[in-house]
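**Q**
Residue numbers (the numbering used here): 365 to 634.
(1) Given residue 398, which residues of its chain have a CB within under 7 Å of its CB, disregarding the five upstream and five downstream residues?
(2) Taking residue 408 as the reference, which of 431, 379, 385 has the closest Cα?
(3) Specify the secondary structure class of residue 631 as computed by DSSP and reduced to three states.
(4) Tell me whether residue 463 sits in a helix, a strand or coil according to DSSP, three-state version.
(5) What would DSSP say about residue 521, mapped onto helix, strand or coil?
(6) Determine the DSSP secondary structure at residue 384, reduced to helix, strand or coil.
(7) Taking the alpha carbon of residue 435 as the point to measure from, which residue in 383, 411, 477, 446 has its own alpha carbon closest?
(8) Quick check on this structure: which residue in 614, 620, 577, 623 has the alpha carbon closest to the alpha carbon of residue 451?
(9) With 16 as the cutoff for other CB atoms within 10 Å, does residue 512 come out buried or exposed?
(10) How far does the alpha helix (DSSP H) with residue 569 in it extend, from its first residue to its last?
(11) So which of 498, 457, 568 has the shortest CA-CA distance to residue 552?
(12) For the beta strand (DSSP E) that residue 496 lies in, which residues bound it at each end?
(13) To the nearest angstrom, how far is the alpha carbon of residue 454 from that of residue 478?
(14) Which same chain residues end up closer than 8 Å to residue 527 when comparing Cβ atoms and leaving out the 5 residues on each side of it in sequence?
(15) Given this structure, state the Cα-to-Cα distance separating residue 446 from residue 574, to the nearest angstrom.
(16) Check for me: the beta strand (DSSP E) holding residue 408 runs from which residue to which?
(17) Pick out whichever of 537, 548, 367, 520 has its Cα sitting closest to the Cα of residue 460.
(18) Assuming contact is defined by CB atoms lying nearer than 8 Å, are residue 386 and residue 457 in contact in what I supplied?
(19) Under the rule that 16 or more other beta-carbon atoms within 10 Å means buried, what is residue 537, buried or exposed?
(20) Mark residue 532 as exposed unless 16 or more other C-beta atoms lie within 10 angstroms of its C-beta, in which case mark it buried.
(21) Note down the Cα distance separating residue 449 from residue 500, rounded to an integer number of angstroms.
(22) What's the C-alpha gap between residue 566 and residue 522?
(23) Among all the DSSP beta bridges, which residues are the ones paired with residue 439?
(24) So is residue 416 buried or exposed if we call it buried at 16+ other beta carbons inside 10 Å?
(25) Curious, which full-length alpha helix (DSSP H) runs of at least 4 residues does the segment 497-555 contain?
(26) Apart from the five residues on each side of it in sequence, which residues of its chain come closer than 7 Å, Cβ to Cβ, to residue 624?
(27) Here's a check: name, in chain order, each residue in its chain whose Cβ is nearer than 7 Å to the Cβ of residue 487, leaving out the five neighbours to either side.
Right under this line is the structure:
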């Protein structure tokens with residue numbers, strides 16, 4: 365794995381014109397953030413050595429290098445999911461490559477189902493912690509000290525200072541945000557009412573099928589992480605309705621400008 369990481373990073377270094385320190389992973393319905401990236405060059409995943417290829421609708425599958433808010437960034441438009449059949453090593457491979465390229469701060473976004481009864485559809489949630497319910501851990505197996513320690517600390521998986529700054533940006537721009545705990549599950553089914561209740565009981569505010577593996581690996585690499593979720597459906601008794609992937613995308617797209625503003629202003633301060 366280490367050799368593949370180095371090989372992919374060396375290729376990207378040979379074609380990239382800048383050396384960004386900020387990485388972004390754009391989730392379901394949030395890919396339009398990429399339209400704000402200027403001076404950009406796109407690298408389709410299939411042209412990058414060793415990169416998996418995204419198979420999910422709404423994830424276009426390309427690496428974008430350019431500027432957001434005047435800051436050099438590297439953005440993934442389309443992430444990889446465990447439920448697609450990838451191993452956790454493949455799901456998190458791009459984060460490893462980002463670290464090898466010198467990325468110091470990672471921004472992640474996703475669409476999620478709300479299990480907090482105080483939440484409503486369209487809510488913007490800043491992730492302050494997570495619960496990992498994936499059946500495979502991304503750090504399982506041989507540990508490479510070049511990448512990070514065998515037993516990484518996770519007491520501050522999401523950077524508190526970045527959270528503080530994001531909340532200040534939201535307040536300044538009259539954008540309502542909440543903070544909460546994200547529960548990561550395997551998918552690809554949406555949750556049953558009993559599962560929603562379980563996630564709330566164990567301390568979750570929102571649930572989704574991504575983000576946690578990437579955040580674990582980013583912390584293993586020593587990156588700072590900031591994450592946000594758009595609540596696209598509710599798993600609260602009395603409020604549960606049938607949901608589709610298309611509806612999730614629509615709600616994500618509707619709220620995308622607000623998340624874009626927060627992310628862009630925050631990236632300016634990194």
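Just so you know, even glycine gets a beta-carbon here, dropped at the ideal spot from N, CA and C.
Predicted model only: the values in this text are computed from it and were never measured.
**A** The short version:
(1) In the chain shown, counting from the first residue as 1, residue 398 sits at position 34. 390, 428, 439, 441, listed in sequence order.
(2) Sequence index remark: in the chain shown, residue 408 carries index 44 (1-based). Of 431, 379, 385, the residue nearest in Cα terms is 379.
(3) Along the chain shown, read from residue 1 onward, the residue named residue 631 stands at position 267. Reduced to three states, the DSSP call for residue 631 is helix.
(4) As a working note, residue 463 is residue 99 in the chain shown. Residue 463 carries a helical assignment under DSSP once its states are collapsed to helix, strand and coil.
(5) As a working note, residue 521 is residue 157 in the chain shown. Coil at residue 521, not helix or strand.
(6) Mapped onto the chain shown, residue 384 falls at position 20. The answer is coil: DSSP assigns residue 384 none of H, G, I, E or B.
(7) Here residue 435 refers to the residue found at position 71 when the chain shown is read from its first residue. Answer by Cα proximity: 383.
(8) As a first step, residue 451 must be located in the chain shown, where it is residue number 87. The residue with the shortest Cα to Cα distance from residue 451 is 577.
(9) Within the chain shown, the letter at position 148 stands for residue 512. Looking at its Cβ environment, which holds 16 or more other Cβ atoms inside 10 Å, residue 512 is buried.
(10) What you label residue 569 is simply residue 205 of the chain shown in a count that begins at 1. No alpha helix (DSSP H) contains residue 569, which DSSP labels as neither H nor E.
(11) As a working mapping, residue 552 is identified with position 188 in the chain shown. Comparing Cα positions, the closest option is 498.
(12) In the chain shown, counting from the first residue as 1, residue 496 sits at position 132. 488-496 is the span of the beta strand (DSSP E), which, as asked, contains residue 496.
(13) For the purposes of this step, residue 454 is identified with residue 90 of the chain shown, where counting begins at 1. For the purposes of this step, residue 478 is identified with residue 114 of the chain shown, where counting begins at 1. Taking the straight line joining both Cα atoms gives about 28 Å.
(14) Along the chain shown, read from residue 1 onward, the residue named residue 527 stands at position 163. For residue 527, where only same-chain residues beyond five positions count, the Cβ hits under 8 Å are 490, 492, 543, 590.
(15) The residue given as residue 446 occupies position 82 in the chain shown. The residue given as residue 574 occupies position 210 in the chain shown. Roughly 8 Å between the two C-alpha positions.
(16) Position 44 of the chain shown holds residue 408. Looking at the DSSP string, the run of the beta strand (DSSP E) that includes residue 408 is 402-408.
(17) Looking up residue 460 in the chain shown gives position 96. Closest option to residue 460, Cα to Cα, is 367.
(18) The residue given as residue 386 occupies position 22 in the chain shown. The residue given as residue 457 occupies position 93 in the chain shown. No.
(19) Position 173 of the chain shown, counting from 1, holds the residue named residue 537. By the 10 Å Cβ count, residue 537 comes out exposed.
(20) Position 168 of the chain shown, counted from the first residue, corresponds to residue 532. Exposed, since its Cβ has fewer than 16 Cβ neighbours within 10 Å.
(21) The count along the chain shown starts at 1 and reaches residue 449 at position 85. The count along the chain shown starts at 1 and reaches residue 500 at position 136. One C-alpha to the other measures close to 12 Å.
(22) Residue 566 sits at position 202 when you count from the first residue of the chain shown. Residue 522 sits at position 158 when you count from the first residue of the chain shown. Those two C-alpha atoms are separated by around 19 Å.
(23) As a working note, residue 439 is residue 75 in the chain shown. Beta-bridge pairing links residue 439 to 388, 428.
(24) Counted from its first residue, the chain shown places residue 416 at position 52. It counts as buried.
(25) As far as the segment 497-555 is concerned, its whole alpha helix (DSSP H) runs of at least 4 residues are 524-536.
(26) One-based indexing of the chain shown puts residue 624 at position 260. The answer, listed in chain order, is 397, 400.
(27) For the purposes of this step, residue 487 is taken as the residue at position 123 of the chain shown. So the qualifying residues of the chain are 478, 542, 595.
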